[in-house]
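Visitor: Provided herewith is a single structure, encoded as structure tokens, for subsequent inquiry.
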Amino acid sequence: MNRNRQDKRHAGRRSTGPDPNYSGKHLLLNERIVHEMMDKAKIRRADTVVDLGAGTGAFTFVLAEKAGNVIAIENDPEFADVLRRKSKGRTNITIVERDIRKAYLPKQPFCVVANIPFSITTPILNMLMDSPAASFQRAALILDYGAAKGLTARLIRRPRLLTWRMGFDIELVKVIPKHHFAPPPSVDTAMVLIRRKPQPLVAPKHSHTFAALAEYALKRPDLPLSAALQGIFTPPQMKHLVRCLGVSRDIPACALNERQWGIVFQTMLERVEAYRWPRRQRKNSPRSE
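Be aware that the sequence shown starts at 19, since it is given in the working numbering, and climbs by one per residue.
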């Protein structure tokens, strides 16, 4: 496969940080886990599937047996050469030698099945879930166990996680033992399933307004709900809100689930004057999410 042709459409994505250290890659040895992940992601012949951090192809070639189109993205030149040699003559596999964060994702609906580099977990999840109107549909990923637990925690403490969970269902499927990798990782790993909700809890046109609410309300996630939203809702509006939610005004803001945050947002849109709505922090602001 011609390298210039395969990279042409994938050139020029803006980097989100310094190049990661790919020398710590942990290659999956157990093909049964790949098949299980494909089943969980419901991969079909009509699907375009992206393998992020493809390594030597543990996922790529199994995926190609079932999916109509597989895009394997790999930054390591030696691994990329292996992928090109092994995929020669396979018309449904495209090899992209590029930093994941600089690679274009498909414009048409696509899925991801991958053992992603742990060092860039957050940038990868940002790429997949930050844009509610994007074409990403579902994924089965291997993540470090700490990240997997954070994504699926009952208490939602991070604004970005809340915005993701308004549009996606995220499930920790199982722990994957270390001996299934070479070399074995120093941390536990887990299989995580991500699926776009059939009906998002926030319409894409309101995504920026909701993100501003999430940043405002979860600035101090353990505050009572009434205190966390004090600058937005008036006392009568707060009384109405907690009645709609069926909770105490003293419940910690982080204890609300996604459905309840949907009620908070809809109530704000309907009952709160627009000048009281929170505004997003500028990207160059020193304050973090």
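Note that CB positions come from ideal geometry on N, CA and C, so glycine has one too. As the structure is a computational prediction, the values presented were derived from the model and not from experiment.
R74 to F136, Cα distance in whole Å?
Guide: First, the amino acid is wrong: residue 74 is Thr here, not Arg. If you take the alpha carbons of T74 and F136, they lie about 17 Å apart.
Visitor: In this structure, does DSSP put E233 in helix, strand or coil?
Guide: helix
Visitor: Under the rule that 16 or more other beta-carbon atoms within 10 Å means buried, what is E233, buried or exposed?
Guide: Classification for E233: buried.
Visitor: Going by C-alpha to C-alpha distance, which of A200, F228, D206 sits closest to P150?
Guide: The shortest Cα separation from P150 among A200, F228, D206 belongs to F228.
Visitor: If you measure between the beta carbons of L173 and T139, is that distance less than 9 Å?
Guide: no
Visitor: Residues bridged to I212 by DSSP?
Guide: Residue pairing for I212: DSSP places it in a beta bridge opposite A157, I188.
Visitor: Would you check if the distance between the CB atom of R62 and the CB atom of F154 is smaller than 9 Å?
Guide: Contact: no.
Visitor: Can you tell me which residues form a DSSP beta bridge with V68?
Guide: I89, V130
Visitor: Please tell me whether A82 and N48 are closer than 9 Å, where the distance is taken between their beta carbons.
Guide: no
Visitor: To the nearest angstrom, how far is it from the Cα of F77 to the Cα of K125?
Guide: 22 Å
Visitor: Whose C-alpha, out of E276, L70, A59, is nearest the C-alpha of R183?
Guide: Closest option to R183, Cα to Cα, is E276.
Visitor: Is D57 helix, strand or coil when you go by DSSP?
Guide: helix
Visitor: Measuring alpha carbon to alpha carbon, tell me which residue in T66, K60, V88 is nearest A72.
Guide: By alpha-carbon distance to A72, the top candidate from T66, K60, V88 is V88.
Visitor: State buried or exposed for R297, treating a residue as buried only when at least 16 other CB atoms are found within 10 Å of its CB.
Guide: The residue in question, R297, is exposed, as its Cβ has fewer than 16 Cβ neighbours within 10 Å.
Visitor: For a test of the three-state rule: what should DSSP assign to A200, helix, strand or coil?
Guide: strand
Visitor: What number of angstroms, rounded off, separates the C-alpha of L101 from the C-alpha of R116?
Guide: 13 Å
Visitor: Considering only residues of the same chain and omitting the five flanking positions on each side of L211, which have a CB-CB separation below 6 Å?
Guide: K58, A158, E189, V191
Visitor: If you follow the beta strand (DSSP E) that I111 is in, where does it begin and where does it stop?
Guide: 111-115
Visitor: In the structure shown, what three-state DSSP assignment does T227 receive?
Guide: helix
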